[in-house]
Every structure is written in structure tokens, then in C-alpha cells.
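Taking it in order: structure first as C-alpha cells, then the write-up.
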Amino acid sequence: SGIFFSVIQDCMFNSLTFLTSTLTVVLLVCYCLYLSFAFLRNPLFYCVLDHSHIRQISPDVPDHRPSASYNISNEVWMTKAEQRLLLSFLASNQSMLEWGSGGSTLHFSRFVRMYYSIEHNNEWYAEVSRRLAQNPGLYGHVRYFWARVEPGRYGWPGGLSPGNYLQFKRYVAAPRRFHPLVQHFDRVLVDGRARIACALFALRYLEGNSLLFLHDYFQRAETRNYNRVLEHYSVVAAVDELLVLRPKPASAGLFLNNTELQSRYFDWNSFM
């Protein structure tokens with residue numbers, strides 16, 4: 009009888025192992041199908057297929073190929089292709105706003121008339137301020153601001169936190185400090201925190217020919233709901249993780265109040 013029970017036990021163990029393996033495979037297949045569906049559901053998915061070329065998406069936008077001769081900085085946390093694309097849209101008579109500072113502040117500010125940058129991390133703000141002070145040529149046309157962020161559930165900014173709109177409201181609304189001297193921007197770079205909120209808040213400062221650069225779009229378009237910005241923006245061009253946007257005619261100069269902004273962010277992923 010001992011041998012009989014041992015055989016039964018082995019059979020049950022083998023059956024359980026088979027079922028577990030089968031279930032694991034089924035779950036993996038389902039997950040892969042889900043990711044494929046989410047990828048294809050993104051209207052810009054084809055931009056990710058070939059990172060070596062800039063994809064023109066809006067049919068009414070003329071072909072815009074950046075020159076390979078643009079000065080590229082190793083301090084900017086962007087690929088060479090992303091930097092070339094962004095620089096191709098900058099001009100010396102423009103004003104530019106930036107959420108999220110760093111090497112981009114030091115580099116891109118050299119190509120425009122006035123550059124406004126907003127940072128939420130106090131220590132990083134001090135470091136970038138020190139580096140700006142070492143570049144006297146930037147002093148006259150760079151305005152650098154620190155915006156306090158409320159502590160999050162896990163003590164942001166000391167540690168990762170889901171966050172919420174109220175936590176980032178001062179940071180998002182920091183451009184209000186520029187009134188009444190600055191009422192619109194020619195170019196806006198969104199490369200910091202609360203990127204969807206910043207992109208939507210920026211609408212009030214944009215005109216029909218203004219452009220907004222949204223970085224890290226494709227790796228976050230689904231998980232961070234970044235594609236919601238397309239409700240108010242048309243795509244001009246894209247390369248790697250950089251998206252170039254133009255406000256839709258009905259959205260240029262649009263004021264979205266706190267309630268309207270907050271209503272678009274029902275999950276914390278939108279703020280990371």
C-alpha cells in the first residue's frame with residue numbers, strides 16, 4: 009500500500025506541476041497580448057518602430073529634417089537625435105519655458121532670447137544655480153525658479169511617492185510668477201514632474217505657432233496616460249522619446265482651472 013500511495017502522490021505532484029506550468033504560460037501569453045493591444049492602441053505607435061528617422065505625423069506640417077551640424081551636449085539627458093530635433097525648432101528671437109532643469113537649461117538656453125526654467129528639487133536647484141553662475145553669458149537671459157512641492161504619501165521628494173495634483177500644484181503653476189512680464193512662450197519643454205499637468209497648464213501661454221516638447225513620451229504613453237495630451241495638441245514630429253506638439257486651434261491660449269486639471273488625473277501614474 010505504501011508503494012501505491014507513493015505512486016498516487018507522484019502523480020498528483022506531476023499533475024500539479026503541469027497545471028502550474030500551463031497556467032504560467034497562459035498568463036504570460038495573455039500579458040503579451042495585453043501589451044500588444046495597448047501598444048497598437050496608441051495612435052503614435054508607428055513612431056517607435058524606427059528611431060533612426062523623424063516621423064512626420066501631421067499632414068499639414070512641412071517636412072522638417074534637423075541638420076546634423078547642430079551642437080550636441082553630453083550634459084543633456086537626451087539622445088543626439090532628440091537634441092537635434094529640438095534645436096531645429098529654436099531661434100534667437102524666442103522665449104522658452106522649461107519644467108525640469110539640468111543640462112538642458114545650460115545648453116538650450118544658448119539658442120533662444122529668454123529662457124525660464126522651473127525646478128522642484130532644492131538640492132538640484134542649488135547645483136544648477138551654481139553651474140549657471142559659472143556661465144556669465146547665460147546670466148542675462150536665464151530665469152531660474154524653485155517651486156516647493158508638498159510631501160507625498162512616502163515623503164516626497166526624499167523618496168518615491170505616488171503624489172497627487174495638490175502635491176504638485178505649486179510646481180505646475182510656477183509660470184504664474186512671470187506675470188505680467190511674460191504672457192506667452194514660443195517654446196516649452198516638459199521634462200520634469202507632473203508632465204501631463206504641465207503640458208495642459210502650458211496651453212494658456214501658447215499661441216497657434218508655439219510648440220511644446222514632451223520628453224519620454226513613448227515609454228510612458230500607456231502606463232502614464234501621456235496620450236491624454238493629444239486631446240489638446242497635434243503632433244508635429246517625433247524621434248526616440250521626444251514628441252513635438254502644437255496646440256490645436258481651439259486649445260491655444262486655453263485656461264484650465266484646478267478642477268479641470270485635477271479631473272484628468274485619476275491615478276498617481278500620471279504624476280511620475
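All residue numbers for the sequence shown refer to my numbering, where the first residue is 9 and numbers rise by one. Glycine is no exception: its CB is placed at the ideal position from the N, C-alpha and C atoms.
Contacting residues, own chain, Cβ-Cβ under 8 Å from residue 262 (five flanking each side not counted): The answer, listed in chain order, is 211, 212, 240, 255.
Top-ranked residue by Cα proximity to residue 84, from 258, 197, 24: 197
Segment contact, 8 Å Cβ cut-off, at least three pairs: the stretch 118-126 with the stretch 95-103: yes
Give me the Cα-Cα distance between residue 112 and residue 189, rounded to the nearest whole angstrom. 23 Å
Alpha helix (DSSP H) segment containing residue 131, residue limits: 130-141
Find out if the Cβ-Cβ distance for the pair residue 208, residue 252 is shorter than 8 Å. no
Among 184, 242, 137, the one whose alpha carbon lies nearest that of residue 265: 184
From the DSSP output, read off the bridge partner residues of residue 154. 127
In whole angstroms, what is the alpha-carbon distance linking residue 220 and residue 24? 55 Å
Cα-Cα separation between residue 260 and residue 132, rounded to whole angstroms: 32 Å
Since residue 242 is in the beta strand (DSSP E), which residue starts that stretch and which ends it? Start and end: 241-247.
Look at residue 124 and residue 155 and say whether their C-beta atoms are less than 8 Å apart. no
May I have the straight-line CA-CA distance separating residue 158 from residue 205, to the nearest angstrom? 16 Å
Which of helix, strand or coil does DSSP assign to residue 103? strand
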